[in-house]
Amino acid sequence: METPPIDLGSLLYENLLAILKASQRKIGDSFGDSSSFIGRLSSKLLWKETLLGLSLGVDRGFFREFFEGNDSIMRLNYYPPCYNPDLTFGTGPHCDPTSLTVLHQDQVAGSQVLVDGSWRSIDPDPHAFVVNIGDTFMALSNCKFKICLHRVVVNKKTVRKSLVFFLSPNMEKVVKPPEILVDPENPRKYPDVGWPSLLEFTQKH
Ligand SMILES: O=C(O)CCC(=O)C(=O)O
Ligand SMILES: [Fe+2]
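Here the sequence shown is numbered in full-length UniProt numbering, starting from 1 and rising by one per residue.
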């Protein structure tokens with residue numbers, strides 16, 4: 001009998017939403033609670049073992065092991081209105097050094113991504129998360145997944161807020177793709193690199 005296809009998009013969305021809802025109550029309580037939330041979010045993200053693992057054909061244990069004891073962080077961004085929005089950015093063009101970024105924006109537009117040489121807005125949608133590939137995941141996937149350059153523009157009138165979760169390995173980890181992603185046609189694109197060195201390199205270049 002054929003197994004019904006998994007709706008990975010819904011699975012991801014339902015999981016993230018449940019965890020974020022729980023966190024909104026908890027973050028107000030104390031920092032201790034918010035850090036335990038980060039632990040839960042990173043260990044329960046089904047997609048890091050299913051969506052990404054499946055699409056790469058990588059054994060699910062690989063990501064579980066790589067992200068064990070991860071040093072993920074959460075950032076709350078606040079962009080005040082700007083008198084001269086054409087002269088500055090909320091956040092200048094950059095790629096995230098971390099593995100994966102899960103972003104939830106409020107109803108104010110501002111996030112943009114570079115596609116084929118032009119900047120495109122990511123329309124705010126309360127029912128959607130924006131998921132970015134970071135440098136670490138690009139190296140881990142032997143460049144099968146690509147980083148994306150993004151930025152935030154500001155506006156004259158309205159405050160903008162966003163909530164960002166950065167999935168990162170712990171500082172002991174060496175970033176190295178699984179063997180299944182390396183063969184003579186797809187040689188290693190990067191040498192083995194410790195996560196702290198990769199982080200430092202991405203911040204300096
Ligand atoms: O606020 C946003 O939409 C994006 C923020 C961002 O790119 C970041 O915090 O790395
Ligand atoms: Fe970013």
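We treat Cβ as the ideally placed atom computed from N, Cα and C, and that holds for glycine. Because the structure is a prediction, the values reported are computed rather than measured.
State the DSSP-derived secondary structure class of residue i, mapped to helix, strand or coil.
i: Lys161; result: strand
i: Ile27; result: Residue placement at Ile27 is poorly supported in this model, since its pLDDT is 46, which falls under 50; the coordinates still yield a value, given next. If DSSP states are grouped into helix, strand and coil, Ile27 belongs with the helices.
i: Asp33; result: Residue placement at Asp33 is poorly supported in this model, since its pLDDT is 48, which falls under 50; the coordinates still yield a value, given next. If DSSP states are grouped into helix, strand and coil, Asp33 belongs with the helices.
i: Ser72; result: coil
i: Phe166; result: strand
i: Arg151; result: strand
i: Asp96; result: coil
i: residue 206; result: Residue 206 is absent from the structure shown; the chain starts at 1 and stops at 205.
i: Arg188; result: coil
In the DSSP assignment, find the unbroken beta strand (DSSP E) run with residue i in it and report its ends.
i: Thr202; result: Not the beta strand (DSSP E): Thr202 falls in the alpha helix (DSSP H), residues Trp195 to Lys204.
i: Leu103; result: Leu100 to Gln105
i: Leu140; result: It is not in any beta strand (DSSP E) - Leu140 instead sits in the alpha helix (DSSP H) that spans Asp135 to Leu140.
i: Leu181; result: It is not in any beta strand (DSSP E) - Leu181 carries neither H nor E in the DSSP assignment.
Going by the C-beta, is residue i closer than 8 Å to any heavy atom of ligand 1?
i: Asn77; result: yes
i: Gln203; result: no
i: Gly110; result: yes
i: Val115; result: no
Give the single residue among the options whose Cα lies nearest to the Cα of residue i.
i: Pro81; options: Phe67, Val182 and Arg160; result: Arg160
i: Asn142; options: Val115, Pro178 and Ile122; result: Pro178
i: Val58; options: Lys204, Pro191, Ile180 and Gln203; result: Ile180
i: Ile147; options: His94, Leu103 and Leu167; result: His94
i: Lys189; options: Lys176, Phe201, Phe63 and Glu200; result: Lys176
i: Gln105; options: Gly61, Tyr79 and Asp116; result: Tyr79
i: Asn84; options: Ile133, Pro196, Lys156 and Lys204; result: Lys156
i: His103; options: Val164, Thr158 and Gly53; result: With the sequence shown as reference, residue 103 is identified as Leu, and His is not the correct amino acid for it. For the residues Val164, Thr158 and Gly53, the minimum Cα distance to Leu103 belongs to Val164.
i: residue 207; options: Phe145, Pro124, Arg120 and Asp123; result: In the structure as shown, the chain starts at 1 and stops at 205, and residue 207 therefore has no counterpart that could be examined.
i: Gly92; options: Val108, Pro196, Trp119 and Arg64; result: Trp119
i: Phe63; options: Leu167, His205, Leu198 and Arg75; result: Leu167
Provide the residue span of the alpha helix (DSSP H) that contains residue i, from first to last.
i: Met171; result: Counting along the chain, Met171 falls outside any alpha helix (DSSP H), and DSSP gives it neither H nor E.
i: Arg120; result: Looking at the DSSP string, Arg120 is not in any alpha helix (DSSP H); the run it does join, the beta strand (DSSP E), is Ser118 to Ser121.
i: Glu65; result: Arg60 to Phe66
For ligand 2, is there any heavy atom lying closer than 8 Å to the beta carbon of residue i?
i: Thr91; result: yes
i: Val164; result: yes
i: Thr101; result: yes
i: His104; result: no
i: Asp135; result: no
i: His127; result: no
i: Asn132; result: yes
Touch test, the segment 171 to 184 against the segment 121 to 131, Cβ-Cβ under 8 Å, three pairs minimum: no
Check whether the segment 98 to 113 and the segment 185 to 193 are in contact - that is, three or more C-beta pairs closer than 8 Å. No, the segment 98 to 113 does not touch the segment 185 to 193.
Evaluate contact between the segment 68 to 76 and the segment 147 to 159, counting only Cβ atoms and requiring at least three cross-stretch pairs below 8 Å. no
Flag this pair as touching only if the segment 133 to 147 and the segment 91 to 103 have three or more C-beta atom pairs under 8 Å; answer yes or no. yes
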